[in-house]
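Quick note on my numbering: the sequence shown kicks off at 1 and runs consecutively.
Notes follow once the structure below has been shown.
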Amino acid sequence: MMTPKHDEAVQELVADLQAALGAEQVQFDYMTRLLYSTDASNYQIMPIGVTFPRNADDIVAIHEIARKHQTPLLPRGGGSSLAGQTVGKAVVMDFSRHLRRIRSINGDEAAVTVEPGVVLGTLNKQVKGLGLMFGPDPASAERATVGGCIGNNASGSHSILYGMTADHVRRLEVVLASGERVWLDSSSAELDSLRKTVGQLVTGCQEEIAARYPKTFRTVAGYALNKIDPAAVDLKWLLAGSEGTLGTIVQAELNLVQVPKLRRLALIHFDTVRESLEATPRILELNPSAVELMDRMLMDKTRLNPEFAPHLGRFVEGDPAAVLAVEFYGSSEAELAAHIEALKVLLLRIGHKGAITTAVTPQEQASVWSVRKAGLGLLMSERSDAKPIAFIEDAAVPVENLANYIDEIDRIVREAGTTYAIYAHASAGCLHVRPLINLKTEIGRKQYRQIAEAATDAAVKYSGTITGEHGKGLSRSEFGEKLFGPTLMDAFREVKHAFDPDNRMNPGKIVDATAMDDPATLRYTPAYQVIELKTRYDWSADGGLSGAAEMCNGAGVCRKEGDGTMCPSYMATLDEAHATRGRANALRLAMSGHLKPEGIGSQAVYDIFDLCLACKGCKAECPS
1 MMTPKHDEAV QELVADLQAA LGAEQVQFDY MTRLLYSTDA SNYQIMPIGV TFPRNADDIV
61 AIHEIARKHQ TPLLPRGGGS SLAGQTVGKA VVMDFSRHLR RIRSINGDEA AVTVEPGVVL
121 GTLNKQVKGL GLMFGPDPAS AERATVGGCI GNNASGSHSI LYGMTADHVR RLEVVLASGE
181 RVWLDSSSAE LDSLRKTVGQ LVTGCQEEIA ARYPKTFRTV AGYALNKIDP AAVDLKWLLA
241 GSEGTLGTIV QAELNLVQVP KLRRLALIHF DTVRESLEAT PRILELNPSA VELMDRMLMD
301 KTRLNPEFAP HLGRFVEGDP AAVLAVEFYG SSEAELAAHI EALKVLLLRI GHKGAITTAV
361 TPQEQASVWS VRKAGLGLLM SERSDAKPIA FIEDAAVPVE NLANYIDEID RIVREAGTTY
421 AIYAHASAGC LHVRPLINLK TEIGRKQYRQ IAEAATDAAV KYSGTITGEH GKGLSRSEFG
481 EKLFGPTLMD AFREVKHAFD PDNRMNPGKI VDATAMDDPA TLRYTPAYQV IELKTRYDWS
541 ADGGLSGAAE MCNGAGVCRK EGDGTMCPSY MATLDEAHAT RGRANALRLA MSGHLKPEGI
601 GSQAVYDIFD LCLACKGCKA ECPS
């Protein structure tokens, strides 16, 4: 509840923002704030309001006004963050509606300049005709924005070839907390001061950096001080993976890579997950382009989904406990055949006895990747309150430690009294382990904390990281000190203070974080209640209408552009309220008492559902 003084301050903030951006680009109404209170994570925090900047001048204006009012800011793209990076008590800057321009494409230099709201999949479609693509390929590429990929330092299935997003960033133009708009490689009094501060910090922490940073290339924990040369400080390494805590990206110059000429996949079936992880280091000796793991739970969920079940049937035989999808690039069919033959010889030598299938045609390979990339949504289609949720799902360890690490995780999860699903970028040692937990119960909350603490210890024990690509956010920032120790955490705080002395840039992430199980920040808690309605249709299979609404995990597949049917109203308006996710959230929030007294009968809910075309695209295409 706002006090009169607080309400007056917000009204003044709104008036200033509307004068600068126009009223239509400033939305502080209750429903909009509710829709932006969640992302694809376990968290829900009401923002102060939402803005839709149209250009760099708008971003500068928002920063200046926020500084005047001492208001926190939070940049947001597709809202597909799994750790709560894009929720918080702040003024949200949604770049996905207007800042979607590809400024330039240079085919000769394999480079592109884009605004932060450009969807990665859209960028790849634009440059495909030149035989180019962006190297990192997160599973969310069809709705994740470039700004979000940089803020998270995203990677994907082919990181053993292409590394992470930061490795492909040439230059960044940002707005700093002060409101100054700069290219990070330029010179200004503020930038020069930042470089000096960062260089001195890195020089003073060399031993700690060498000792404490994870021994895996896939890590986005903390700030990337390990990438900084103190003699020639390049600040882009700090902005990448900073989750909007150091500055706001306005433009990015990126490197592109050549599209591979030919590809082929081998699907190796295993009786246990451990066997698949033991085989991974040996398979990497053959220089594949990717090695991806899918477990039985994921495959079982896929078989229950009418959209994805036919894809699974094209490459899985029987009921294996795990399947490794091993991909090779090549310049000829003969070269690809030789790669597959070498793989079979290796597997025979190490005693593998399971089935091996291949995906040769583009259609067959698309089936494999569609199942793998839909993993999150498919797993969240669990029709119960206990779901395989994300919080330890992004640890990465050196590949030689994979099997021992998963043994320890198996013990940790089972000692907590539950089980888990797993899929993975096995080639990079990045395991997406998702324990089944019901956060609506006290037992579930205790499991959440117990498993998170122990899994962090296991990642450190095996020289790994708590986050290989999904970021820190609210889920993992708390555990930074366990991973890095007090000296480096103090260095991170000094970095944060140098860039953002008033702590207004997405506060509470990376440093000085709230507890990952703080009930004030969680979407579901033991206090969560719903108002069940008498419905004409039978929703009992979903646990009632509320259960059906809660099936939405927030991944935002419905925000994809141009492919398939889902969701036509979002494609037309680019309004979160008109995406399937927005409608599911509106329904869930109404039924859980957030829209009293009108509830589900409110005009706000009516307006959100009014543009639904009842095309049923979401019924087929939403993996949940």
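Glycine included, each C-beta is placed from N, C-alpha and C at the ideal position.
Residue i in three-state terms, based on DSSP
i: Ala590; result: helix
i: Gln603; result: helix
i: Pro4; result: With a pLDDT of 44 at Pro4, under the threshold of 50, the modelled position of this residue cannot be trusted; read the value that follows with caution. Here Pro4 sits in helix by DSSP.
i: Ser104; result: strand
i: Tyr162; result: helix
i: Trp539; result: coil
i: Cys430; result: strand
i: Gly444; result: helix
i: Tyr423; result: strand
i: Phe328; result: strand
i: Asp295; result: strand
i: Gly151; result: helix
i: Arg349; result: helix
i: Gln529; result: coil
i: Phe315; result: coil
i: Met551; result: coil
i: Met566; result: coil
i: His269; result: strand
Beta-bridge partners of residue i, as assigned by DSSP
i: Arg76; result: Asp94
i: Lys387; result: Ile437
i: Tyr43; result: Leu522
i: Arg171; result: Glu253
i: Val371; result: DSSP, once it has assigned bridges, lists no residue as partnering Val371.
i: Val50; result: Gln27, Val92
Residues near residue i by beta carbon distance below 6 Å, same chain, minus five either side
i: Leu265; result: Ala325, Glu327, Ala359, Gln365, Val368
i: His63; result: Val175, Gly179
i: Lys227; result: Trp237
i: Glu142; result: Gly121, Lys560
i: Gly375; result: Leu298, Tyr423
Integer Cβ distance of residue i from residue j, believed to fall under 8 Å
i: Pro75; j: Met93; result: 5 Å
i: Ile412; j: Ile466; result: About 14 Å; that fails the 8 Å criterion.
i: Met516; j: Leu483; result: Not a contact, Cβ separation roughly 14 Å.
i: Gly464; j: Asn401; result: 7 Å
i: Pro320; j: His269; result: 4 Å
i: Leu225; j: Ala491; result: 6 Å
Span separating the alpha-carbon of residue i from that of residue j
i: Gly147; j: Thr441; result: 36 Å
i: His594; j: Met571; result: 27 Å
i: Leu613; j: His578; result: 10 Å
i: Ser370; j: His311; result: 8 Å
i: Arg349; j: Phe315; result: 23 Å
i: Gln11; j: Thr32; result: 16 Å
i: Thr3; j: Leu13; result: For Thr3, the predicted structure reports a pLDDT of 45, less than 50, and the residue's modelled location is therefore unreliable. The matter cannot be settled from this model.
i: Gln70; j: Tyr36; result: 21 Å
i: Glu335; j: Asn503; result: 54 Å
i: Leu522; j: Glu115; result: 32 Å
i: Pro388; j: Ser41; result: 12 Å
i: Thr573; j: Gln529; result: 32 Å
i: Asp500; j: Asp538; result: 52 Å
i: Ala90; j: Ser81; result: 16 Å
i: His339; j: Asn438; result: 44 Å
i: Ala586; j: Ser592; result: 10 Å
i: Gln44; j: Glu382; result: 21 Å
i: Tyr606; j: Glu598; result: 11 Å
i: Leu99; j: Arg581; result: 21 Å
i: Gln126; j: Thr216; result: 33 Å
i: Ala232; j: Gly199; result: 8 Å
Proximal residues to residue i (C-beta, below 8 Å), its chain only, five neighbours per side dropped
i: Gly377; result: Asn553, Ala555, Val557, Cys622, Pro623, Ser624
i: Arg372; result: Ala139, Ser157, Glu292, Met294, Ala325, Tyr423
i: Gly468; result: Ser155, Thr216, Arg218, Thr219, Val220, Asp394, Ala395, Ala396, His425, Ala428, Gly429, Cys430
Contacting residues, own chain, Cβ-Cβ under 7 Å from residue i (five flanking each side not counted)
i: Gly564; result: Gly617, Glu621
i: Ala455; result: Ile392, Ala395, Ile409, Ile412
i: Arg282; result: Leu346, Ile350
i: Lys170; result: Rather than Lys, the amino acid found at residue 170 in this sequence is Arg. So the qualifying residues of the chain are Ala111, Glu253, Leu254, Asn255.
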